[in-house]
């Protein structure tokens, strides 16, 4: 069944595809003439769960062993897919058809997900597998149907990673389908989804429209039963989804195809898929899943030709197409469990960049959508990489490995082929603890130390060491670490009742006893500026304290005025060394009312108000 080819309303035109590439979250990207692309190794965005496609047995022939190896292998001439999408048959007699390829893929470490196009006809309002709605009286039966498929697959060695409630519930089509509105989906998920026994994907809108998903996310019971907000991007919908992120849900793009009337070897259409994948990643989605794995317009050819353009260059059955090689630029190198890094996405016109790290690797994907070759400079921030290996797909190259690129002082320049996609891969061994910052501030009663880490590995904690001469350091405290975490952590330590000028360093210790010192920082307890604090208490009776600080040795005057501007008391009138001070005002001999106190020292003068209430 060529179910996607006739759904014209869903088919994303080439023009729309290119328009989308310049809109992320519906904000126009302003392209600089050329800027360095910064890659921040300590700053991460979404977790990547994988890249893949669908094998819809019954609508298309099942995959051959050769096609399975090419789709899910990670070597040269293979795609590296890590997600396989199946169809949940409405007839349980067809469950067995889904096992053979899925089992082989699962044994290769692939995540298996499944989507139903329709419940069994008997459960629907029109008693038909096309259109209609799920009868409310059949909600429990439908949940049992989905569970039976998940159980069957698990019993046959293919446990599902996740299952969808419904494929494209918000569009009317002439093939297997079922219509859902937001309230129906919320009710089913909140009351029945937990019984299915595996992760739940919903709602799989055809255009990532949000009425149904917003309703799910804003209903606490339904939201609790959904693990993945999935959707398709036919004709639109490629944008960040802040509400889903706020609710802690992963966002997956679970189906799309482009240019189904043409060969997958038409290079402009193939490169457009790479641009689309870049933008899916920039929209904070965790997965990109194409439609058919094996089809003449997909990543692996089926040996057929388009009836519309039969004279185009079509590959033989089982061969990887240009679209496939473009997809492999992501799938082979950006593996499940990697995190997307914050990086300069659009450093110049026609250049789009995403970056990732995981498994002691840093991966950078660069698309040059220009018909001319380009140069792009990269700057590695907050981490160290020594060299990258490039892999390029272009009109004449198929994920071709290039010469190693040396990184000097955290920077390198890459020559990009015209109209190409290049993946850069580097080894990267993060230190046990990545320290972002370490600072100290002198205060009147001690020294405040603050430091931040971007990630930690087996971190037992930090010993704080102090020195007066930057030679001999002695321990003054210990702060327990967070063990292993990829989240930013902030720590603090207060060195009490100490005055003077000091040096500090951190001794970070692992659970295995190994340790590493931080840089040394210098701090003084002397104030770095003049200040006059509000008296306390205020109002007062009969006495109050006034605190102030002076950053250098100088003559200091602190006096009290009444509302007429006449001096009534002089609390301080002497030469003082730099430091923090306090003066006690005794108002026993003063009448109730408003007074003002003034601090003068050098060129500094400040006045504040106080109130005496008897």
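Residue numbers (our numbering): 429 to 1042.
Backbone N, C-alpha and C define an ideal beta-carbon position, used for all residues, glycine too.
For clarity, every value in this text was computed on a predicted model and none was experimentally measured.
Exercise. Among residues of its own chain, excluding the 5 on either side of residue 639, which ones have a beta-carbon nearer than 6 Å to its beta-carbon?
Worked result: Indexing the chain shown from 1 puts residue 639 at position 211. Once the five neighbours on either side are set aside, the close Cβ partners of residue 639 are 610.
Exercise. Can you check whether the CB of residue 657 is closer than 7 Å to the CB of residue 679?
Worked result: Residue numbering aside, residue 679 sits at position 251 when the chain shown is read from its first letter. Residue numbering aside, residue 657 sits at position 229 when the chain shown is read from its first letter. It is a contact, given that the beta carbons lie within the stated cut-off.
Exercise. Got a sec, what are the start and stop residues for the alpha helix (DSSP H) residue 473 sits in?
Worked result: By 1-based counting over the chain shown, the position of residue 473 is 45. Element bounds for residue 473: not the alpha helix (DSSP H) but the beta strand (DSSP E), 465-475.
Exercise. By Cβ distance, which residues of its chain are closer than 7 Å to residue 377, with the 5 residues on each side in sequence left out?
Worked result: Look at the range of the chain in this structure, 429 to 1042, and you will see that residue 377 is not part of it.
Exercise. Roughly how many whole angstroms lie between the Cα atoms of residue 745 and residue 795?
Worked result: Sequence index remark: in the chain shown, residue 745 carries index 317 (1-based). Sequence index remark: in the chain shown, residue 795 carries index 367 (1-based). If I take the Cα positions, the gap works out to 28 Å.
Exercise. What residue range is occupied by the uninterrupted alpha helix (DSSP H) comprising residue 582?
Worked result: On the chain shown, residue 582 is found 154 positions in, with the first residue counted as 1. Start and end: 567-583.
Exercise. Can you tell which of 876, 861 and 924 has the C-alpha that lies nearest to the C-alpha of residue 939?
Worked result: As a first step, residue 939 is located in the chain shown; it is residue number 511 there, counting from the start. Selected option, being the one with the closest Cα: 861.
Exercise. What did DSSP end up calling residue 773 once you bin it into helix, strand or coil?
Worked result: Reading the chain shown from its first residue, position 345 is the one you call residue 773. Coil at residue 773, not helix or strand.
Problem set entry | residue 531 versus residue 737: straight-line alpha-carbon distance, rounded | The count along the chain shown starts at 1 and reaches residue 531 at position 103. The count along the chain shown starts at 1 and reaches residue 737 at position 309. Whole-angstrom Cα-Cα distance: 36 Å.
Exercise. Roughly how many whole angstroms lie between the Cα atoms of residue 759 and residue 958?
Worked result: Translated into the one-based positions of the chain shown, residue 759 becomes position 331. Translated into the one-based positions of the chain shown, residue 958 becomes position 530. Rounded to the nearest angstrom, the two C-alpha atoms are 59 Å apart.
Exercise. Helix or strand or just coil, what does DSSP make of residue 1042?
Worked result: The sequence position of residue 1042 within the chain shown is 614, counting from 1. Correct three-state label for residue 1042: coil.
Problem set entry | Cα-Cα separation between residue 516 and residue 549, rounded to whole angstroms | Indexing the chain shown from 1 puts residue 516 at position 88. Indexing the chain shown from 1 puts residue 549 at position 121. Roughly 14 Å between the two C-alpha positions.
Exercise. Under three-state DSSP, which class holds residue 455?
Worked result: As a first step, residue 455 must be located in the chain shown, where it is residue number 27. Per-residue confidence for residue 455 stands at a pLDDT of 45, beneath the threshold of 50, marking its modelled position as unreliable; no derived number is given.
Exercise. In or out: residue 983 buried (at least 16 other Cβ within 10 Å) or exposed?
Worked result: Here residue 983 refers to the residue found at position 555 of the chain shown. Classification for residue 983: exposed.
For this session: Taking residue 545 as part of the beta strand (DSSP E), name the residues at either end of that continuous run.
Result: For the purposes of this step, residue 545 is taken as residue 117 along the chain shown, with counting starting at 1. That residue, residue 545, is in no beta strand (DSSP E); it is neither H nor E in DSSP.
Problem set entry | Classification of residue 534 by the beta-carbon crowding that lies within 10 angstroms, buried from 16 upward | Mapped onto the chain shown, residue 534 falls at position 106. Label assigned to residue 534: buried.
For this session: Report the option in 974, 991 and 992 whose CA atom is closest to the CA atom of residue 985.
Result: Numbered from its first residue, the chain shown carries residue 985 at position 557. With distances taken between Cα atoms, residue 985 lies closest to 974.
Problem set entry | Segments assigned beta strand (DSSP E), at least 3 residues, entirely inside the segment 943-992 | 943-945, 949-952, 971-978 and 982-989
Exercise. So, are the CB atoms of residue 626 and residue 692 less than 7 Å apart?
Worked result: The residue labelled residue 626 in the question sits at position 198 within the chain shown. The residue labelled residue 692 in the question sits at position 264 within the chain shown. Contact: no.
For this session: Would you give the residue range spanned by the beta strand (DSSP E) that residue 863 belongs to?
Result: Working through the chain shown from its first residue, we reach residue 863 at position 435. Note, residue 863: beta strand (DSSP E), 861-871.
For this session: List the DSSP bridge partners of residue 561.
Result: Within the chain shown, the letter at position 133 stands for residue 561. DSSP lists 607 as partners of residue 561.
For this session: Please name the residue, chosen from 525, 502, 547 and 563, that lies closest to residue 553 on a Cα-to-Cα basis.
Result: Position 125 of the chain shown holds residue 553. Checked all of 525, 502, 547 and 563; the closest Cα to residue 553 is 563.
Exercise. Should residue 1014 be labelled buried (16 or more other beta-carbon atoms within 10 Å of its own) or exposed?
Worked result: As a working note, residue 1014 is residue 586 in the chain shown. Label assigned to residue 1014: exposed.
For this session: Count the C-beta pairs between the segment 765-774 and the segment 828-841 that are closer than 8 Å, then say yes if the count reaches three, no if not.
Result: no
Problem set entry | DSSP beta-bridge partners of residue 833 | Taking the chain shown and counting its residues from 1, one reaches residue 833 at position 405. In DSSP, residue 833 forms a bridge with 816.
Exercise. How big is the Cα-Cα spacing for residue 930 and residue 875?
Worked result: The residue labelled residue 930 in the question sits at position 502 within the chain shown. The residue labelled residue 875 in the question sits at position 447 within the chain shown. Using only the alpha carbons, I get a separation of about 9 Å.
For this session: State the DSSP-derived secondary structure class of residue 449, mapped to helix, strand or coil.
Result: Taking the first residue of the chain shown as 1, we reach residue 449 at position 21. Confidence at residue 449 is low in this model, with a pLDDT of 39, below 50, so its placement is unreliable and no value can be given for it.
For this session: Could I get the ranges of all uninterrupted beta strand (DSSP E) runs contained in the segment 707-795, with 3 residues as the minimum, in chain order?
Result: 715-720, 767-771 and 779-786
Problem set entry | Residue environment, residue 537, which counts as buried when at least 16 other CB atoms sit within 10 Å | Indexing the chain shown from 1 puts residue 537 at position 109. Counting Cβ neighbours within 10 Å, residue 537 comes out exposed, since fewer than 16 surround it.
Exercise. Straight-line CA distance for residue 585 to residue 464?
Worked result: In the chain shown, counting from the first residue as 1, residue 585 sits at position 157. In the chain shown, counting from the first residue as 1, residue 464 sits at position 36. So the two alpha carbons sit approximately 49 Å from each other.
Exercise. If we count Cβ pairs, one from each stretch, closer than 8 Å, do we get three or more for the segment 941-956 versus the segment 985-1000?
Worked result: no
Problem set entry | Through-space distance from residue 887 to residue 513, alpha-carbon basis | Walking along the chain shown from the start, residue 513 turns up at place 85. Walking along the chain shown from the start, residue 887 turns up at place 459. So the two alpha carbons sit approximately 39 Å from each other.
Exercise. Grouping DSSP H, G and I as helix and E and B as strand, with all else coil, what is residue 804?
Worked result: As a working note, residue 804 is residue 376 in the chain shown. The answer is strand: DSSP assigns residue 804 an E or B state.
For this session: Within its chain, find whatever has a CB closer than 8 Å to the CB of residue 567; leave out the 5 residues flanking it on each side and keep chain order.
Result: For the purposes of this step, residue 567 is taken as residue 139 along the chain shown, with counting starting at 1. The residues are 615, 616, 619 and 620.
Exercise. Within the 7 Å Cβ cut-off, does residue 523 reach chain C?
Worked result: Judged by its chain identifiers, the structure shown contains no chain C, having just a single protein chain.
For this session: Would you mind reading off the limits of the alpha helix (DSSP H) that contains residue 492?
Result: Sequence index remark: in the chain shown, residue 492 carries index 64 (1-based). Careful: residue 492 lies outside any alpha helix (DSSP H) and carries neither H nor E.
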